[in-house]
Amino acid sequence: MATLERILEIWRAGGWVMLPLLAICLTMFFVGVRLWLSVRGRGGRMVEERTWMEWVVEPRRGEGWAGEVIRYTQDEVTSVEDIHRRFSEVAVAELGPVDRQLAWLGTLVAAAPLVGLLGTVLGMLVTFQALAAGGGGGQVTEAMAAGISQALFPPEVGLCIALPGLILIQVIRRRRAEFEAFLARLESVTTQRFNRAGTLGGGRPSMAPGA
407 MATLERILEI WRAGGWVMLP LLAICLTMFF VGVRLWLSVR GRGGRMVEER TWMEWVVEPR
467 RGEGWAGEVI RYTQDEVTSV EDIHRRFSEV AVAELGPVDR QLAWLGTLVA AAPLVGLLGT
527 VLGMLVTFQA LAAGGGGGQV TEAMAAGISQ ALFPPEVGLC IALPGLILIQ VIRRRRAEFE
587 AFLARLESVT TQRFNRAGTL GGGRPSMAPG A
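Just so we're on the same page, this note's numbering is the position in the sequence shown counted from 1, plus 406.
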């Protein structure tokens with residue numbers, strides 16, 4: 407309980423700049439967690455390579471997101487170009503929203519310390535105004551203390567918000583890279599399967615299960 411009261415005391419001492427910092431923190435947390443959850447279930451982490459390679463041979467056995475991609479990239483394809491086009495569509499549909507959300511998350515992370523610096527400027531103005539006003543010693547001291555608190559607390563809070571955000575961005579970027587590598591690997595295996603089926607079939611390549 408004492409810790410909560412201390413946090414509230416610091417929050418009030420930081421001035422009105424703490425409100426936009428709170429909004430940035432909550433928005434960043436919401437966007438970051440939602441984005442992490444969306445990329446966590448993508449790629450080859452959820453399925454062993456041996457399993458999804460079997461699904462490439464028999465798409466009907468595919469399960470989950472990977473199975474849907476395998477079936478979509480093999481359904482009624484007649485050339486290698488069709489396969490490449492299907493995988494490009496999947497990459498745009500899946501990676502495009504991730505990239506946009508990452509850009510938005512990066513903006514929030516960058517904004518947090520800048521808003522904190524705004525609090526520093528405002529706090530220094532309050533301090534200088536107290537010095538210029540003069541008056542009683544106790545009043546000047548209290549005004550200066552309030553200005554110094556307003557100058558120090560917001561940048562500290564801004565940095566505390568930004569640092570976890572940077573870590574979260576790196577984690578999401580790593581998952582995105584793994585997802586992109588999985589798509590490239592899956593495209594390569596699918597193309598090889600298509601070429602083998604065409605060579606063995608002696609005619610138009612077929613991606614039918616068990617071909």
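Just so it is clear, CB atoms sit at the ideal spot from N, CA and C, and this is done for glycine as well.
CA nearest to the CA of residue i, picked from the options
| i | options | result |
| --- | --- | --- |
| Q598 | A408, A472, V463 | V463 |
| S594 | V437, F435, V439, R492 | R492 |
| I573 | R456, D481, L508 | L508 |
| P519 | E415, E562, G438 | E562 |
| I575 | V504, W458, A539, T547 | V504 |
| G470 | E455, V439, G447 | G447 |
| R579 | T433, I416, S444 | S444 |
| P426 | P465, L514, G468, E482 | L514 |
| E500 | A429, V475, R456, I430 | V475 |
| M424 | G564, V577, L592 | G564 |
| R591 | R506, M459, E482 | M459 |
| T433 | L511, E454, Q480 | L511 |
| L624 | W461, V453, A472, F435 | Residue 624 is absent from the model: the chain starts at 407 and stops at 617. |
Beta-carbon contacts of residue i that lie in its chain and below 8 Å, excluding the five residues immediately before and after
| i | result |
| --- | --- |
| E419 | Per the sequence presented here, residue 419 reads as Ala, with Glu not at that position. Here the set comprises A552, S555, Q556, F559. |
| W422 | none |
| T533 | A549, M550, G553, I554, A557 |
| V577 | W442 |
| V437 | Q507, W510, L511, L514 |
| A517 | I430 |
Buried/exposed call for residue i, threshold 16 Cβ in 10 Å
| i | result |
| --- | --- |
| V521 | buried |
| I567 | buried |
| V498 | exposed |
| I413 | exposed |
| E441 | First, the amino acid is wrong: residue 441 is Leu here, not Glu. L441 is buried by the Cβ-count criterion. |
| A408 | exposed |
| E411 | exposed |
| G571 | buried |
| T596 | buried |
| T479 | buried |
| M502 | The identity of residue 502 in the sequence shown is Gly, whereas the question assumes Met. With fewer than 16 other Cβ atoms within 10 Å, it is exposed. |
| G607 | With a pLDDT of only 28 at G607, under 50, the local geometry of the prediction cannot be trusted, and the value read off the model is given with reservation. Exposed, since its Cβ has fewer than 16 Cβ neighbours within 10 Å. |
Cβ neighbours of residue i in the same chain (closer than 6 Å, five flanking residues each side left out)
| i | result |
| --- | --- |
| H490 | none |
| V453 | A472 |
7 Å CB neighbourhood of residue i in its chain, flanking five on each side removed
| i | result |
| --- | --- |
| L589 | F493, V496, A497 |
| A536 | V546, A549, M550, G553 |
| L523 | P561 |
| C416 | Contrary to the premise, residue 416 reads as Ile rather than Cys in this sequence. Around I416: F559. |
| D481 | none |
Okay, do the region 520 to 539 and the region 576 to 591 touch, 3+ Cβ pairs below 8 Å being the bar?
no
Contained alpha helix (DSSP H) runs [length at least 4] in the region 452 to 517, N- to C-terminal order
455 to 463, 470 to 480
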